[in-house]
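Engineer: For the sequence shown, the positions run 2 to 176 when the working numbering is used.
Glycine included, every Cβ here is placed at the ideal spot set by N, Cα and C.
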Amino acid sequence: MKNVIKKWFYNKFNKIRVRDLPAVCLSELNISQPVEKSDTLDQENIRWTSFLESINDKKCQIRHAMNVARLLVLLPVTLGLMLGLCFFINDFLKAWSANAKTLLKFVEYSKEKYGEKFFLNPKAPEYTNLLKIIADDKEISFLKYLYIRYSKNSLYREDRSKHKLITDGGFLFFL
């Protein structure tokens with residue numbers, strides 16, 4: 002009995018093909034163009050519908066709103082954020098390299114003019130006291146550069162350091 006029912010269902014419903022079904026315009030599907038009852042949906046005229054991706058004898062792919070959002074919004078935004086982060090890191094590393102060279106030249110100049118312990122010399126200007134943390138270094142480490150760039154008692158002073166911190170932090174926050 003079970004096999005007879007399976008065979009009946011197979012014969013009854015397997016003969017219906019998607020291409021044989023007439024397409025009817027339903028108002029709740031928000032189809033923009035009217036479809037005649039004699040028209041059928043196939044690969045050529047399926048693209049104008051807003052909900053069908055493709056159709057053939059074996060399957061009918063329905064376009065979901067999340068797939069459209071992923072293709073039109075999510076991928077370009079993610080790509081833009083990744084490019085922005087890469088450009089920010091590249092610019093930050095170039096600034097670190099250039100500022101490190103300039104700061105080391107300041108240290109060399111201060112050593113030539115005011116002696117090896119220039120930060121202890123009372124005749125030296127005030128900015129030389131701020132170079133004390135890098136006085137004996139050949140190159141500036143990343144942590145020292147961050148301290149010099151964002152510290153209020155560094156070479157850049159409080160207002161400039163605060164501006165850099167807000168700009169860089171804001172960019173990274175919104176990234």
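#1: With distances taken between CB atoms, is the gap from residue 156 to residue 173 smaller than 9 Å?
#2: Taking the alpha helix (DSSP H) that residue 63 falls in, what are its first and last residues?
#3: Can you tell me whether DSSP reads residue 127 as helix, strand or coil?
#4: Please confirm whether residue 140 and residue 105 have their CB atoms less than 9 Å apart.
#5: With residue 162 and residue 152 assumed to form a contact (beta carbons below 8 Å), what rounded beta-carbon distance in angstroms separates them?
#6: Considering residue 167, what are the terminal residues of the alpha helix (DSSP H) in which it resides?
#7: Can you say whether residue 1 is buried or exposed, counting buried as having 16 or more other CB atoms within 10 angstroms of its CB?
Structural biologist: Result, derived from the coordinates:
#1: no
#2: Where residue 63 is concerned, there is no enclosing alpha helix (DSSP H), although the beta strand (DSSP E) it sits in stretches over 61–63.
#3: helix
#4: yes
#5: 6 Å
#6: 158–175
#7: Since the first residue of the chain shown is 2 and the last is 176, residue 1 is not available in this structure.
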